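Residue numbers (the working numbering), protein chains in the order written: chain S, 1 to 413; chain D, 1 to 386. See below for the structure under consideration.
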Ligand SMILES: [Zn+2]
């Protein structure tokens, strides 16, 4: 039995009634960071005033951005966790997320992400209480692991769809559920189309935005709509895992209102070269959203620099977290084609709240050209560019106007 | 320091010279300059050269200048200072003559922008002038670099996009009689406002074209000036100014502090003020930059630039004509050549020989602003020895 302190969810704004899709500046890491931050913010408000105790991160997805090179450091920096927290990068779907959650050690942050180009995409994270923290109890009921790769994607190969829905239903999900030998009907099922899920459930289950790894945790979050705990099932082709959740967890949703994807122009041209030396020097400040604070006078500099902007001291500086909200000082929109970057895009200089620091960032989550001088927003981790095949992460301005439309209960403002 | 005079000036036409490489453009400009020295020039008289080139078309710039122009026995120094390269080359050569080290020196500026595809040029320049980790991957292409300033300027000042369009209309009109100009056609305010967006708030006609070209000047000391001409143009002041490199570190983006610093230095050296300038070539890589520069150069009060363009003050026939050549906007902008070519235009203006002559011009100013809006160079020329 483990205790879930909080669940956080994230959906990109872009998409259609069929589901959300990635923005041009998003991947599995940026999605994971957004959901994880929502979960940790919820855990902070729900529990003690101190930051949640995260001892381990398990990142489950089938769309890891870097197979060689790794995503763990970017994930920890984006979430704001220390660099000595172990990270498991796991390839898997909904059942794998429940396997992890059901047997998780105290202080584990489990993140499930769906980030396939074809969508639907989304991310959700659950924090397992460290010690005897508050939350809802979660218990593994059973699992069955079988193979029926109706959808497949081999290492280095393209995706294939065997395209036989009845086979999948009867010999995949059907047999898996039969083998689980459940004593009662589930209240939510992750990994199936809405109609199929409804047929298996007691009552009318909430519709989930995704079907992969994140769907399992979206299902746990959806217990608020069910109105109580119960049996929750995650299925994936021939496999399934069942969890019993004994209540409604605290949930924070970062789920902006739906926007039609922008028509973007992608221009072929020379690769945007990367200097890995420069990348490594900038990494901590750039991904953790830290300034260099002058040891002599405290003046903040972004990026950190040897010689203080104010007092001229060269004696040293220390990384200090920057505010994550601010106001647009100036903004422009690039329409001309730029090789390697989807156009159009807006660039803004943002005056951060409460400090004498401005940042030059791209605008995210809103159509290019819609942000004006004086608009407010928050700074979020995004994939700024892909340079020589390497994701280059940094911060972007998410305008408040873009999220305000869906600022319902629990939404991140 | 000794007084320094310009006694010869020449340039290639600016344009898309697909058929001419840097090795053709350089000797063309130098030979045109030499042919226009009133009393003739023996090339052996040239004691040193300064060469402004932003990029490195066909490689090693100083060697290419020396090799292609027959100057193998003199020292040649490359100057690279972003879009302020041309006037900074003039500045360095001026000091070399003023100091007494040399009596006769050559200043050349050139660039071959159209050696790469039109699509990739802005991006290649961005790679030269941006922080590799923090700014480059954001796609801060050259027009965006200036648009960040102009967007804020339009927000704070009474100027509007119509005023930007008026600058484009004026400079296109000025370029009409200039045989060296790249864009010799008139446009209307409506055309400018309705043109495709490049980087908002800039439309197509707010932007300089991509240009190839070269320009050359001969600078001599007061001790030898009479050997070359009886009508010299004096270099009365030079100045260079810098600023913080990253936009996020510039406190007030409605001004270019490098221009304020460079012009202050040049005015002080010349012992004159902005009111004494009869004609100016101002860096109008983007229309809004010309407006902001009116204020930074002291031609207008803060946020008063729109009145000058609205009232025709800076048109030919106005009280302070700006960019009679057509400016970067219509004459063209091969970065290394631009500042030198501004001085070529002003040399002709001050001798009463310009294609688009400003009546009675006696004192003139040339201005560049460039890089990530972090460097400016200003040169003040006059027919008056001072
Ligand atoms: Zn300091």
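Just so it is clear, CB atoms sit at the ideal spot from N, CA and C, and this is done for glycine as well. Bear in mind the structure is a predicted one, so any value in this text is a computation, not a measurement.
Tell me the start and end of each unbroken alpha helix (DSSP H) in the segment 138-192 of chain S that is at least 4 residues and wholly inside, in chain order.
Correct list: 175-180.
Three or more beta-carbon pairs under 8 Å between the segment 193-208 of chain D and the segment 144-160 of chain D, yes or no?
Judged by Cβ distances under 8 Å, the segment 193-208 of chain D makes contact with the segment 144-160 of chain D, as three or more pairs qualify.
Quick one, which residues of the segment 316-340 of chain S are near chain D if we go by CB-CB under 8 Å, in chain order?
Listed by position, the residues of the segment 316-340 of chain S near chain D (Cβ gap below 8 Å) are 329, 330, 331, 332, 333, 334, 335, 336, 337, 338, 339, 340.
Which of the three DSSP states is assigned to residue 367 of chain D in this structure?
In the second chain, residue 367 of chain D corresponds to position 367, counting from 1. Looking at residue 367 of chain D - three-state DSSP - the assignment turns out to be strand.
Can you confirm whether residue 152 of chain S, when its beta carbon is compared against all beta carbons of chain D, has any partner nearer than 8 Å?
The residue you call residue 152 of chain S lines up with position 152 of the first chain. Not one chain D Cβ lies under 8 Å of residue 152 of chain S.
Determine whether the Cβ of residue 182 of chain D lies closer than 8 Å to any Cβ atom of chain S.
The residue you call residue 182 of chain D lines up with position 182 of the second chain. Cβ-Cβ to chain S under 8 Å: no for residue 182 of chain D.
Below 8 Å, can you find three or more Cβ-Cβ pairs linking the segment 279-299 of chain S to the segment 260-271 of chain S?
No, the segment 279-299 of chain S is not in contact with the segment 260-271 of chain S.
Please report whether the beta-carbon of residue 395 of chain S lies at a distance below 8 Å from any beta-carbon of chain D.
Numbered from its first residue, the first chain carries residue 395 of chain S at position 395. Chain D, which has no Cβ nearer than 8 Å to the Cβ of residue 395 of chain S, makes this no.
Can you list, in chain order, the residues of the segment 366-388 of chain S whose Cβ is nearer than 7 Å to any Cβ on chain D?
For the segment 366-388 of chain S, which is checked against every Cβ of chain D, the residues closer than 7 Å are 369, 373, 384, 385, 387.
Can you grab the Cα-Cα spacing for the pair residue 83 of chain S / residue 219 of chain S, in whole Å?
Your numbering for residue 83 of chain S matches position 83 in the first chain. Your numbering for residue 219 of chain S matches position 219 in the first chain. Going by the C-alpha atoms only, they are around 30 Å apart.
Report yes or no: is there a C-beta of chain D within less than 8 Å of the C-beta of residue 111 of chain S?
In the first chain, residue 111 of chain S corresponds to position 111, counting from 1. Cβ-Cβ to chain D under 8 Å: no for residue 111 of chain S.
Give the straight-line distance between the Cα atoms of residue 359 of chain D and residue 128 of chain D, rounded to the nearest whole angstrom.
One-based indexing of the second chain puts residue 359 of chain D at position 359. One-based indexing of the second chain puts residue 128 of chain D at position 128. Cα to Cα, the separation comes out at about 41 Å.
Given that residue 358 of chain S touches chain D, what residues does it touch there, using C-beta distances under 7 Å?
One-based indexing of the first chain puts residue 358 of chain S at position 358. Here the neighbours are 248.
In this structure, what does DSSP give as the bridge partners for residue 398 of chain S?
On the first chain, position 398 is the one that residue 398 of chain S refers to. S/378, per the DSSP bridge assignment.
Can a CB atom of chain D be found closer than 8 Å to the CB of residue 240 of chain S?
Counting from 1 along the first chain, the entry for residue 240 of chain S is found at position 240. With 8 Å as the cut-off, residue 240 of chain S does not count as an interface residue toward chain D.
Say whether the segment 174-186 of chain S touches the segment 49-63 of chain S, bearing in mind that this needs 3 or more beta-carbon pairs closer than 8 Å, one atom from each stretch.
They do not touch, by the three-pair rule.
Identify the residues that DSSP records as bridge partners of residue 20 of chain S: which are they?
Within the first chain, the letter at position 20 stands for residue 20 of chain S. Paired residues: S/15.
Would you check whether ligand 1 has a heavy atom nearer than 7 Å to the C-beta of residue 310 of chain S?
Residue numbering aside, residue 310 of chain S sits at position 310 when the first chain is read from its first letter. The answer is yes for residue 310 of chain S.
Can you list, in chain order, the residues of its chain whose CB lies under 7 Å from that of residue 26 of chain S, leaving out five sequence neighbours each side?
Reading the first chain from its first residue, position 26 is the one you call residue 26 of chain S. Result list for residue 26 of chain S: 12, 382, 383, in chain order.
Who are the neighbours of residue 133 of chain D on chain S, taking C-beta pairs under 8 Å?
Reading the second chain from its first residue, position 133 is the one you call residue 133 of chain D. The answer, in chain order, is 275, 278, 279, 281, 282, 286, 303.
Is the segment 228-239 of chain D touching the segment 351-368 of chain S in the sense that three or more CB pairs, one from each, lie closer than 8 Å?
Touching, no, given that fewer than three Cβ pairs across the two stretches are closer than 8 Å.
Apply the 10 Å Cβ neighbour rule to residue 407 of chain S and answer buried if 16 or more other Cβ atoms are within range, or exposed otherwise.
The sequence position of residue 407 of chain S within the first chain is 407, counting from 1. With a pLDDT of 41 at residue 407 of chain S, under the threshold of 50, the modelled position of that residue is not reliable, and no figure is offered here.
Shorter than 8 Å from the beta carbon of residue 411 of chain S to some beta carbon of chain D?
Here residue 411 of chain S is taken as the residue at index 411 of the first chain, counted from 1. Legend: pLDDT at residue 411 of chain S = 38, less than 50; position of this residue unreliable, value from coordinates given subsequently. Not an interface residue.
How about residue 5 of chain S: is its C-beta nearer than 8 Å to some C-beta of chain D?
Within the first chain, residue 5 of chain S is the residue found at index 5, counting from 1. Cβ-Cβ to chain D under 8 Å: no for residue 5 of chain S.
Please state whether the Cβ-Cβ distance between residue 348 of chain S and residue 322 of chain S is less than 8 Å.
Numbered from 1 along the first chain, position 348 holds the residue referred to as residue 348 of chain S. Numbered from 1 along the first chain, position 322 holds the residue referred to as residue 322 of chain S. No.
Report the residues of the segment 244-274 of chain S with a CB closer than 7 Å to any CB of chain D, ordered along the chain.
For the segment 244-274 of chain S, which is checked against every Cβ of chain D, the residues closer than 7 Å are 267, 269, 270, 272.
Of all Cβ atoms in chain S, is any one closer than 8 Å to the Cβ of residue 372 of chain D?
Mapped onto the second chain, residue 372 of chain D falls at position 372. No, residue 372 of chain D lies away from the interface with chain S (no Cβ there is under 8 Å from its Cβ).
Closer than 7 Å: is that where the CB of residue 66 of chain D sits relative to any heavy atom of ligand 1?
Within the second chain, residue 66 of chain D is the residue found at index 66, counting from 1. Because no heavy atom of ligand 1 lies under 7 Å away, the Cβ of residue 66 of chain D does not count as near it: no.
Smallest Cα separation from residue 254 of chain S: which of S/376, S/239, S/225, S/400?
Taking the first chain and counting its residues from 1, the one referred to as residue 254 of chain S is at position 254. The option with the nearest alpha carbon to residue 254 of chain S is S/400.
Please indicate yes or no: does the CB of residue 3 of chain S lie closer than 7 Å to some heavy atom of ligand 1?
Locating residue 3 of chain S in the first chain gives position 3, counting from the first residue. No - ligand 1 has no heavy atom lying nearer than 7 Å to the Cβ of residue 3 of chain S.
Quick check: is the beta carbon of residue 125 of chain D nearer than 8 Å to any beta carbon in chain S?
For the purposes of this step, residue 125 of chain D is taken as the residue at position 125 of the second chain. Not closer than 8 Å to any Cβ of chain S, the Cβ of residue 125 of chain D fails to qualify, so no.
Does residue 28 of chain D come within less than 8 Å of chain S when only Cβ atoms are used?
Working through the second chain from its first residue, we reach residue 28 of chain D at position 28. No - not a single Cβ of chain S is within 8 Å of the one on residue 28 of chain D.
For the segment 144-165 of chain D, enumerate the residues whose C-beta is nearer than 7 Å to any C-beta of chain S, in chain order.
Flagged, chain order: 144, 147, 148, 151, 152, 155.
Evaluate the contact criterion for the segment 70-78 of chain S versus the segment 29-38 of chain S: three or more CB pairs, one atom per stretch, below 8 Å.
With the cut-off at 8 Å, the segment 70-78 of chain S and the segment 29-38 of chain S touch.
Determine whether the beta carbon atoms of residue 214 of chain S and residue 116 of chain S lie at a separation below 8 Å.
Position 214 of the first chain, counted from the start, is the residue given in the question as residue 214 of chain S. Position 116 of the first chain, counted from the start, is the residue given in the question as residue 116 of chain S. Result no, Cβ atoms of residue 214 of chain S and residue 116 of chain S do not sit closer than 8 Å.
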